[in-house]
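Letter by letter, the sequence shown follows residues 22 to 191 in this note's numbering.
Shown next, in structure tokens, is the structure this report addresses.
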Amino acid sequence: MSLLGWLNALPADEAASTFKRCCGSSKWANSMAACRPFASLEAIHAAADDQWADVGRDDVLEAFSHHPKIGSDINELRKKFAATATWSAGEQDAVSGAPEAVLLGLRDGNVAYEDRFGHIFIVCATGKSADEMLEILQKRLGNSPEVEFAIAKGEQAKITHLRLDKMEVS
């Protein structure tokens, strides 16, 4: 069965669970399940953007809560985020071999970021080195809370699109 056929045929709760692996917002996942049937992968991506535009602050924060902190302990991440552990580990692969000073900078930067903005640092880490992520983190610490929330929400959208492309028939 094709991905589209499978996704369109799932019961609503299973479809929502599948979408929630891509983005941890319950409202977004339920909305995506309600948007079915999809005619194409492009239609899924378009709906993802439309539904993400309609979520509120609490929904975005819920999505953020489903992400591990970049630079955190990998074994702890596997326990907490078992459903997306493989995806998260791949997305943050560059961190695993980073120098100790960079890992400490990411850890300390995450603490400062969370203290300043009230949520974890979200960045689409795919293709970025640990040094690049640390540089981005340090730069974004200077943003206003409103600007930073909008940037983080946009980064979540990028991550969601990558994960939508990773969905598989199960």
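No residue lacks a Cβ here, since even glycine has one placed at the ideal position from N, Cα and C.
- According to the DSSP assignment, D186 belongs to the alpha helix (DSSP H) that extends over 166-187.
- Rounded to the nearest angstrom, the gap between the Cα atoms of M22 and S61 is 14 Å.
- A contact between stretches requires three or more CB pairs, one per stretch, nearer than 8 Å, and the segment 166-179 meets this requirement with the segment 127-145.
- For S38, the enclosing alpha helix (DSSP H) has its first and last residue at 33-43.
- Judged by DSSP secondary structure, G126 falls within the alpha helix (DSSP H) whose first and last residues are 121-138.
- By the neighbour-count criterion, in which a residue is buried when 16 or more other Cβ atoms sit within 10 angstroms of its Cβ, D136 is exposed.
- Membership of H66 in the alpha helix (DSSP H) is indicated by the continuous run 62-74.
- For G163, the secondary structure class from DSSP, reduced to helix, strand or coil, is coil.
- Contact between M188 and L24 holds: CB atoms are separated by about 6 Å, below the 8 Å threshold.
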